[in-house]
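Chemist: Handing you this structure, nothing more for now.
Below, the structure is given as structure tokens:
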């Protein structure tokens, strides 16, 4: 007989009443809250385990100072075994996915193959080819050696070379771990803050690129306008010098260079109820039928270009009729 959990029940929310739907939602929320708490607990345990592992793990290539004494003892035992031999001992090694306890035989002294006459070494008895103990073997033997007088002699020598104050300092450094306690919510808030700072920095860099791009485009447009103004002014100077002498007007048109303003700074073109003539060889804005021109004291008009630049000549303005005689030309006349 199938259990209740094995029976598939098709639930139709359309056929359920409002009260049944509310009850179902409450039950689902309870289950969801329970799962969320369980997940949060697992996360905290995992983070605590990772933090403990990071504190315990030394930096790559760096041996913790609190292990100096034990490592020195193991190295001493290794050299002692090579010089004096050893008794049979058990050594643990990896075996597949587990650990194997291997019984290593005692030592024997043999003549070193290929060595000098009479030179001998300590090797494992009956092992072919002849093998000597490694530092890993010495770690196993060092535990048993602590029961012998050789350890007491070595310990006395080590303590004499390493005062108690130095050893206490090593222990203090090993325990000096910065710990920060925070809730999961605080950790998530800290993570969100760092992400917001990173996003703000990204937006600032983007805005800076946009500002530089806009400045480069504005500079390019300005240079183009300066070149156009210089080109039109060159054409103007040429037409003034070579045009017909239809009317003789005593005026001087200055030769301009790109980027140099030949006249006073112009204000917005606004029609003046009363005309006040500028100084000789200067101009002022003047509006004729909705179009702004640059008007000289002798009523001759020039086109108004962007950037306060003087445009080509237009004609002679008649204040009485508010019209422009475009047939009139501006020419230079020598006083001589």
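Residue numbers (the numbering used here): 451 to 786. In this text, a Cβ means the ideal position worked out from N, Cα and C, and glycines have one as well. Only a predicted model underlies this, so the values are computations on that prediction, with no experimental measurement involved.
(1) If I follow the unbroken alpha helix (DSSP H) through residue 593, where does it start and stop?
(2) Ordered along the chain, which non-local residues of its own chain (more than five positions away) have a Cβ less than 7 Å from that of residue 756?
(3) Keeping to the same chain, check which residues put their C-beta closer than 8 Å to that of residue 751; ignore five residues upstream and five downstream.
(4) Could you give the distance in angstroms between the alpha-carbon of residue 554 and the alpha-carbon of residue 541?
(5) If residue 787 sits next to residue 747, beta carbons under 8 Å apart, how far is it from one beta carbon to the other, in whole angstroms?
(6) Going by DSSP, which residues form a beta bridge with residue 674?
(7) Since I believe residue 539 is in contact with residue 557 (beta carbons under 8 Å), could you give me their beta-carbon distance rounded to a whole number of angstroms?
(8) Count the other CB atoms within 10 Å of the CB of residue 463; is the residue buried (16 or more) or exposed (fewer)?
(9) Given a threshold of 16 other Cβ atoms within 10 Å of its Cβ, counted over all protein chains shown, does residue 468 qualify as buried or as exposed?
(10) Whose CA, out of 780, 521, 642, 740, lies closest to the CA of residue 749?
(11) Is DSSP giving residue 725 helix, strand or coil here?
(12) Could you check the C-alpha separation between residue 635 and residue 642 for me, to the nearest Å?
(13) Please return the same chain residues whose Cβ sits closer than 7 Å to the Cβ of residue 753, not counting the five positions on each side in sequence.
(14) Starting from the Cα of residue 608, find the closest Cα among 572, 524, 495, 673 and give me that residue.
(15) The alpha helix (DSSP H) spanning residue 463 covers which residue range?
(16) State the DSSP-derived secondary structure class of residue 544, mapped to helix, strand or coil.
(17) Would you mind reading off the limits of the beta strand (DSSP E) that contains residue 557?
(18) Going by DSSP in three states, residue 735 sits in which element: helix, strand or coil?
(19) Report the three-state DSSP secondary structure of residue 659 (helix, strand or coil).
(20) Determine the burial state of residue 778: buried for a count of at least 16 other Cβ atoms within 10 Å of its Cβ, exposed for fewer.
(21) Quick one, are the C-beta atoms of residue 576 and residue 559 less than 8 Å apart?
(22) Quick one: is residue 734 buried, meaning 16 or more other Cβ sit within 10 Å of its Cβ, or exposed?
(23) At the 8 Å Cβ level, is residue 748 part of the contact set with chain C, yes or no?
(24) List the endpoints of the continuous alpha helix (DSSP H) containing residue 517.
(25) Looking only at its own chain, which residues have a Cβ that is under 6 Å from the Cβ of residue 650, when we skip the five neighbours before and after it?
Modeler: With the given structure in hand:
(1) 585-595 is the extent of the alpha helix (DSSP H) around residue 593.
(2) In chain order, 675 place their CB closer than 7 Å to the CB of residue 756, counting only its own chain and leaving out the 5 sequence neighbours on each side.
(3) Only 736, 738, 743, 744, 745, 763, 764, 765, 766, 767, 774 meet the Cβ criterion.
(4) Cα to Cα, the separation comes out at about 7 Å.
(5) Outside the displayed range of the chain (451 to 786) lies residue 787, so it cannot be described from this structure.
(6) The partner list for residue 674 (beta bridge, DSSP) is empty, contrary to what the question assumes.
(7) Contact check for residue 557 and residue 539: beta-carbon distance about 10 Å, past the 8 Å limit, so the pair fails to qualify.
(8) By the neighbour-count definition (other C-beta atoms within 10 Å, threshold 16), residue 463 is an exposed residue.
(9) Exposed, since its Cβ has fewer than 16 Cβ neighbours within 10 Å.
(10) Relative to the Cα of residue 749, the nearest Cα in the group 780, 521, 642, 740 belongs to 780.
(11) In the structure shown, residue 725 adopts coil according to DSSP, grouped into three states.
(12) So the two alpha carbons sit approximately 10 Å from each other.
(13) In chain order, 743, 761, 762, 764 place their CB closer than 7 Å to the CB of residue 753, counting only its own chain and leaving out the 5 sequence neighbours on each side.
(14) Here the closest residue by C-alpha is 524.
(15) Here residue 463 belongs to no alpha helix (DSSP H), and DSSP marks it neither H nor E.
(16) Residue state, collapsed to three classes: strand.
(17) Start and end: 557-561.
(18) Correct three-state label for residue 735: strand.
(19) Residue 659: helix per DSSP, three-state reduction.
(20) Residue 778 should be labelled buried.
(21) Judged by their CB atoms, residue 576 and residue 559 are not nearer to each other than the 8 Å cut-off.
(22) Counting Cβ neighbours within 10 Å, residue 734 comes out buried, since at least 16 surround it.
(23) In the structure shown, chain C does not exist; there is a single protein chain.
(24) Per DSSP, residue 517 lies in no alpha helix (DSSP H) segment and is marked neither H nor E.
(25) Within the same chain, residue 650 has no close Cβ partners at all.
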